[in-house]
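Chains as they are written, first to last, in the numbering used here: chain A, 19 to 401; chain X, 120 to 382.
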Amino acid sequence: MNALRVAAVFRRIVAQFRRDPRSLALLFIAPVAIIALLGWVLSSQGTATTRIAVVNESNNLTGAAVATRIQTALDGQPGIAIDRTVADDSAARQALKDKTLDVVIVLPPGFGTQDRTIDLMTLGLNPTGEASALPAIQKALLGAVANTAGAVLPTLERTTVYGSPNATQLDTLAPVVVGFFAYFFVFILTGISFLRERIGGTLERLLATPVSRAEIVLGYSLGFGFFATIQVAIVLAFVLGRFDIPALGPIPAFAIGLGVRTIGNPLIAYLLVLVLGLGAVSLGIFLSTFARTELQILQFIPIVIVPQGLLGGFFWPIDQLPSLLQPVARILPVTYAIDGLRQVMIAGADLSSPQVLLDMGVLVAIAAIFVTLAAATIRREVA
Amino acid sequence: MTATPMPTAPSPAIEAVALRKDFGEIHAVDGIDMSLSPGRIYGLLGPNGSGKTTLIRLLTGLASATSGSVKVLGVAMPSRSNLARIGYMTQSDGIYPELSVWENLSFFATLYGQTDKAKLHATLELVELDTRAGTPAQDLSGGMRRRLSMACALAHHPSVIFLDEPTVGVDPALRVQFWDHFHRLAADGATLLVSSHVMDEADRCDELLFIRDGHVLAQGTPAELRTRAGTQNLETAFLSFATQPRAGSAASATPGQPKESHR
Numbered sequence: 019m020n021a022l023r024v025a026a027v028f029r030r031i032v033a034q035f036r037r038d039p040r041s042l043a044l045l046f047i048a049p050v051a052i053i054a055l056l057g058w059v060l061s062s063q064g065t066a067t068t069r070i071a072v073v074n075e076s077n078n079l080t081g082a083a084v085a086t087r088i089q090t091a092l093d094g095q096p097g098i099a100i101d102r103t104v105a106d107d108s109a110a111r112q113a114l115k116d117k118t119l120d121v122v123i124v125l126p127p128g129f130g131t132q133d134r135t136i137d138l139m140t141l142g143l144n145p146t147g148e149a150s151a152l153p154a155i156q157k158a159l160l161g162a163v164a165n166t167a168g169a170v171l172p173t174l175e176r177t178t179v180y181g182s183p184n185a186t187q188l189d190t191l192a193p194v195v196v197g198f199f200a201y202f203f204v205f206i207l208t209g210i211s212f213l214r215e216r217i218g219g220t221l222e223r224l225l226a227t228p229v230s231r232a233e234i235v236l237g238y239s240l241g242f243g244f245f246a247t248i249q250v251a252i253v254l255a256f257v258l259g260r261f262d263i264p265a266l267g268p269i270p271a272f273a274i275g276l277g278v279r280t281i282g283n284p285l286i287a288y289l290l291v292l293v294l295g296l297g298a299v300s301l302g303i304f305l306s307t308f309a310r311t312e313l314q315i316l317q318f319i320p321i322v323i324v325p326q327g328l329l330g331g332f333f334w335p336i337d338q339l340p341s342l343l344q345p346v347a348r349i350l351p352v353t354y355a356i357d358g359l360r361q362v363m364i365a366g367a368d369l370s371s372p373q374v375l376l377d378m379g380v381l382v383a384i385a386a387i388f389v390t391l392a393a394a395t396i397r398r399e400v401a
Numbered sequence: 120m121t122a123t124p125m126p127t128a129p130s131p132a133i134e135a136v137a138l139r140k141d142f143g144e145i146h147a148v149d150g151i152d153m154s155l156s157p158g159r160i161y162g163l164l165g166p167n168g169s170g171k172t173t174l175i176r177l178l179t180g181l182a183s184a185t186s187g188s189v190k191v192l193g194v195a196m197p198s199r200s201n202l203a204r205i206g207y208m209t210q211s212d213g214i215y216p217e218l219s220v221w222e223n224l225s226f227f228a229t230l231y232g233q234t235d236k237a238k239l240h241a242t243l244e245l246v247e248l249d250t251r252a253g254t255p256a257q258d259l260s261g262g263m264r265r266r267l268s269m270a271c272a273l274a275h276h277p278s279v280i281f282l283d284e285p286t287v288g289v290d291p292a293l294r295v296q297f298w299d300h301f302h303r304l305a306a307d308g309a310t311l312l313v314s315s316h317v318m319d320e321a322d323r324c325d326e327l328l329f330i331r332d333g334h335v336l337a338q339g340t341p342a343e344l345r346t347r348a349g350t351q352n353l354e355t356a357f358l359s360f361a362t363q364p365r366a367g368s369a370a371s372a373t374p375g376q377p378k379e380s381h382r
């Protein structure tokens, strides 16, 4: 290992990217723009009014009484508007299709003192979005129905161990997005850079010098680690910081940064992302062996990046995945980075936490495997 | 350019014994023996696909031989440390388009262990790119890129230099400069192996190796090869060697020329 040669490879990568403003923009501006967009979308969620109609198909007094109670109970709720013009089931279905209603509460024909089944009907095109108003409705329904039976409904309060029960989806999502972006961009950029070495004839030239494969991989890791460090610093600053700009003339007041609440140590979060990124550098070098064009590097996105986004615990906890997919999720590096980042950023864990140490250890092991694979493919005959 | 006797010189600069390289069914290098003396320019001549590049890659240790052995400057290849004494100008330019002339040169020179800036400047002057040091390689003309590629192979003053089709796409005036430079390097003691498929460059070499289908058809000075083939035209000479049956190559078709294949 010759430090001079490693430094030469490192400096070369930095010099190459300095000359390539578009790639720099991709590295530094794109993640901030995407996270800003994500923050915007998530923070405005739930502000739309849910339009509800109550339809009584039961033709009996109990039904009519319950229907009125439900309407009264829901009417005062924030974000809910009651439509009293819809009279029957078919009109309600049409209104849902016409998008003039969001939810219809149906008291079916058999509704009475014995059968207390109530239908909640939505359009079904966007189950997740439609479901967002359901908890509030269910609570009102329970209250209305329970009162008719004379029972008292217990009051539900929600507390959480970490963070606050009011934590938005953004608060829990933003920290892990940081890691995912670093992984994605480092993989794509290294893959393409190394592919260009292979097809541009410079790898052949490199291998004709006394430089070793370990020196090449290390130089690459330092180079991309350098850019990943800057990227993570910028993205973390954007996610955690918040800088309010007051209104000025025609420009309304706005804020730069998301101001996500965290009790974690950003330095440990950075360490996790860095180890994840080192694995991505070597994965990029390794997979560039199997690509002949830059387009073919992009073809690895649905194979390598998207499954990690879906299975890595981003949206669904690993334990809730189908049992066949759980072992798959457990070999993905992003899974461990996301878990570690959540532990650190939301639960405030530090390096004394065995969970964080395990995540870190697995990430180091995965990086080591890919470093070995990458080094092994570098000598592969280019011919 | 007198005919030198066989490689009886004490230590050949480049030596290959029964060298073979198979790609599946294809014998890219099909049993080559060679022994090249220091301080001379050897021309490796043959049509496209005759195995020239594969042979050079074997000699530099970039490809691993199926069988046989290679020694460069007395050291068995592949040897990473020995690469510091070898220069290799690849067929493609093999330079970084975003980097400047100076950055390309100093990058490769550093990998070779040459960090003396004065020597790098001298190399740039040699290829007449000293006024272009700050220009990104992608803004250079094709001939300038070729010169930069050559500078990257020579900046560390190697003793053995492989040049794979160095003059392809180079205009005649520059080609003359290239060859003048090659002769200066040889005069300083370097051994050069220059591959080409252009016969009119052959006369500039001290010695020629005609290669086809992965084996050496004939080796000798241009004058010797002409005499043996009985023609003044090297192209005709090549074809006459190519049509001789290969099995007889050990005995050598032309008497008095043991240089061919001595195994």
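We treat Cβ as the ideally placed atom computed from N, Cα and C, and that holds for glycine.
For X:P216, which three-state DSSP category applies? Three-state DSSP puts X:P216 in coil, outside helix and strand.
If we ignore side chains and look at the alpha-carbon of each, how far apart do X:S219 and X:A361 end up? It is roughly 45 Å from the alpha-carbon of X:S219 to the alpha-carbon of X:A361.
Interface positions of the region 217-231 of chain A facing chain X (Cβ-Cβ less than 8 Å), listed along the chain: Within the region 217-231 of chain A, the qualifying residues are G218, G219, T220, E222, R223, L224, L225, A226, T227, P228, V229, S230.
Evaluate contact between the region 181-190 of chain X and the region 129-141 of chain X, counting only Cβ atoms and requiring at least three cross-stretch pairs below 8 Å. Segments in contact, yes.
Is X:E144 close to chain A, meaning its C-beta is less than 7 Å from at least one C-beta of that chain? By the rule that beta-carbons nearer than 7 Å mark a contact, X:E144 does not touch chain A.
Please name the residue, chosen from X:A274, X:A195, X:E284, that lies closest to X:G180 on a Cα-to-Cα basis. The residue from X:A274, X:A195, X:E284 with its alpha-carbon nearest to that of X:G180 is X:A195.
If you reduce the DSSP assignment to three classes, tell me which class X:K140 lands in. Residue state, collapsed to three classes: strand.
Members of the region 262-290 of chain X that neighbour chain A once the beta carbon cut-off is set at 9 Å: Only S268, C271, A272, H275, F281 from the region 262-290 of chain X bring a Cβ to less than 9 Å from some Cβ of chain A.
Listing by chain order, which chain A residues have their CB less than 7 Å from the CB of X:S315? The premise fails here: X:S315 is roughly 18 Å from chain A at the closest Cβ pair, so nothing lies under 7 Å.
Who pairs with X:R331 in a beta bridge, going by DSSP? According to DSSP, X:R331 bridges with X:H334.
Leaving aside the five residues before and after A:A15 along the sequence, list all residues of the same chain whose C-beta is less than 8 Å from its C-beta, in chain order. Beyond the ends of chain A as shown, which are 19 and 401, falls residue 15 of chain A; an answer cannot be given.
Three-state secondary structure (DSSP) of X:T362: Helix.
Between X:F226 and chain A, is the shortest Cβ-Cβ distance under 7 Å, so that the two count as touching? Interface residue, yes.
C-alpha gap between A:I88 and A:L329, whole angstroms: Taking the straight line joining both Cα atoms gives about 40 Å.
Please give me, in chain order, every unbroken run of the beta strand (DSSP E) with length at least 3 that falls completely inside the region 106-161 of chain A. Annotation note: the region 106-161 of chain A contains the following uninterrupted beta strand (DSSP E) runs of length 3 or greater, listed N- to C-terminal: 121-125, 137-139.
C-alpha gap between X:S368 and X:M153, whole angstroms: Here X:S368 scores only 44 on pLDDT, less than 50, and its place in the model is too uncertain to base an answer on.
For chain X, check one thing: does any of its Cβ atoms lie closer than 7 Å to the Cβ of A:R30? For A:R30, the nearest CB of chain X lies under 7 Å from its own CB, placing it at the interface with that chain.
Compare the Cα-Cα distances from X:H316 to each of X:L164, X:H146, X:D149 and report the closest residue. Measuring C-alpha to C-alpha distances from X:H316 to each of X:L164, X:H146, X:D149 identifies X:L164 as the nearest.
Which residue wins for smallest C-alpha separation from A:P153, given the options A:T68, A:A200, A:Y201? In terms of CA proximity to A:P153, A:T68 leads the group A:T68, A:A200, A:Y201.
Can you grab the Cα-Cα spacing for the pair X:V335 / X:D307, in whole Å? Computed Cα separation, rounded: 28 Å.
Thinking X:L344 and X:L327 are a contact (beta carbons under 8 Å), I'd like their distance in whole angstroms, please. The beta carbons of X:L344 and X:L327 sit about 6 Å from each other, so the pair counts as a contact at 8 Å.
X:R331 versus X:G170: straight-line alpha-carbon distance, rounded: Distance between X:R331 and X:G170, taken at the CA atoms: about 7 Å.
Under 7 Å between C-beta atoms, does A:A392 make it to chain X? Using beta-carbon distances, A:A392 does not count as an interface residue toward chain X, since no partner is under 7 Å.
Give me the chain X residues within the contact set of A:A33, using Cβ-Cβ distance strictly less than 7 Å, ordered along the chain. Within chain X, the residues placing a beta-carbon under 7 Å from that of A:A33 are L218, E222, ordered along the chain.
Please state the DSSP three-state secondary structure of X:D283. X:D283: strand per DSSP, three-state reduction.
Can you tell me which of the three DSSP states A:I364 falls into? Three-state result, A:I364: coil.
Thinking just about the alpha-carbon of each residue, which of X:L177, X:L259, X:L267 is nearest to the one in X:L239? Residue X:L267 is the option with its Cα nearest to X:L239.
Which of the three DSSP states is assigned to X:V246 in this structure? It is coil, neither helix nor strand.
Mapping the DSSP letters down to three states, classify X:S268 as helix, strand or coil. Of the three classes helix, strand and coil, the one that applies to X:S268 here is helix, per DSSP.
Is there a Cβ from chain A that is less than 7 Å from the Cβ of X:A203? Against chain A, the CB of X:A203 has a partner CB under 7 Å away; the residue lies at that interface.
Give a yes or no on contact between the region 299-317 of chain A and the region 374-382 of chain A, applying the rule of three or more CB pairs nearer than 8 Å. These segments do not touch.
Just to make sure I have the definition right: I need the residues of chain X whose C-beta is within less than 7 Å of the C-beta of A:D38. Which are they? Result: E217.
Anyone know if the C-beta pair for X:A274 and X:T242 falls short of 7 Å? Their beta carbons are under 7 Å apart, which means X:A274 touches X:T242 by this criterion.
Per-residue contacts from X:S211 into chain A (C-beta, under 7 Å): Listed along the chain, the chain A residues whose CB falls inside 7 Å of the CB of X:S211 are G219.
Which whole-angstrom value describes the C-beta separation of X:Q210 and X:T172, a residue pair presumed to lie in contact below a C-beta threshold of 8 Å? Between X:T172 and X:Q210 the Cβ distance is about 6 Å, and since that is below 8 Å, they are a contact.
Under a CB-based cut-off of 7 Å, is X:Y161 close to chain A? No, X:Y161 lies away from the interface with chain A (no Cβ there is under 7 Å from its Cβ).
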